[in-house]
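A.B. asks: In terms of full-length UniProt numbering, the sequence shown is numbered consecutively and its last residue is 180.
Note that beta-carbon positions come from the ideal geometry of N, C-alpha and C, so glycine has one too.
None of the values given here were measured: they were computed from a predicted structure.
A single structure is presented below for examination.
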Amino acid sequence: MAKMLYSATMSLDGFIAGAGGDMSWLTEHLGPNPLVDELIGDIGALLVGNRTFRGDDPHKGRPGEGKPFGGGWDGPQFVLTHHAPDTPIPGVTFVGDVHTAVKAAKDAAGDKYVNVLGAETARQCLEAGLLDEILVLIAPVLLGDGVRLFDHPGGTKVKLERLSLSGVPTATNLWFRVVG
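Have a look at this one:
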């Protein structure tokens, strides 16, 4: 059965996107990472937030622009949104609620991961008790403003258990299991 994994590259000060959703900061941190290379083969489907799906692309101007993981992954994508486009997009299903989106993505992923992309979508999955693991690649940079990895106004405590710690020059990889 598929597991739900939230993965993101984050600045040391906790942002996965810069001010206004800017992702250009990430481009210089997209270097080789064996953990990510291996993970891509274990992803069966993507669950993507609308802001992430329609947002800035760190691969802008590169051959993989507009494709998941810069073209390194291909498969079914499920976008969580209340505003589906009028024109269908091949390989992309637009879903209006988190439970339906997670079920569809898990069914499509089989025994592989559903990779959650987008802070708001990950927060919704976490609050609904649907998120199994979190992989954070910490980039050696401070952004000072932007979209946080996890934001819950008023605060909340989510217990995590570290599964692994590794690193490459462009990032420190931290993999966690969601405990509760």
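(1) With a threshold of 8 Å, are at least 3 pairs of Cβ atoms found where one atom belongs to the segment 76-85 and the other to the segment 39-53?
(2) Which residue wins for smallest C-alpha separation from K112, given the options L142, L46, K67 and F94?
(3) List in chain order: all unbroken beta strand (DSSP E) runs of 3+ residues lying wholly within the segment 95-130.
(4) Pick out whichever of S24, N33 and A2 has its Cα sitting closest to the Cα of P169.
(5) For L135 and K3, what's the separation of their Cα atoms in angstroms?
(6) Leaving out five residues before and five after A108 in sequence, what residues of the same chain have Cβ atoms less than 6 Å from its Cβ?
(7) Let me confirm a value: V179 is counted as buried when at least 16 other C-beta atoms fall within 10 Å, else exposed. Which label applies?
(8) According to DSSP, K3 sits in a beta bridge with which residue or residues?
(9) Which residue from L160, N173, V102 and A122 puts its Cα closest to that of A139?
C.D. replies: In short:
(1) Yes, the segment 76-85 is in contact with the segment 39-53.
(2) Along the sequence shown, one-based indexing puts residue 112 at 112. If we check each option's Cα against that of K112, L46 comes out closest.
(3) Here the runs fully enclosed are 113-117.
(4) As a first step, residue 169 is located in the sequence shown; it is residue number 169 there, counting from the start. Ranking S24, N33 and A2 by Cα distance to P169 puts N33 first.
(5) Mapped onto the sequence shown, residue 135 falls at position 135. Mapped onto the sequence shown, residue 3 falls at position 3. L135 and K3: Cα-Cα distance of roughly 13 Å.
(6) Position 108 of the sequence shown, counted from the start, is the residue given in the question as residue 108. Taking A108 as the centre and dropping the five residues before and after it, the same chain places the C-beta of A45 and P76 closer than 6 Å to its C-beta, in chain order.
(7) Against the sequence shown, residue 179 aligns to sequence position 179. So V179 ends up on the exposed side.
(8) Here residue 3 corresponds to residue number 3 of the sequence shown, with the count starting at 1. DSSP, once it has assigned bridges, lists Y113 as partnering K3.
(9) The count along the sequence shown starts at 1 and reaches residue 139 at position 139. Comparing Cα positions, the closest option is N173.
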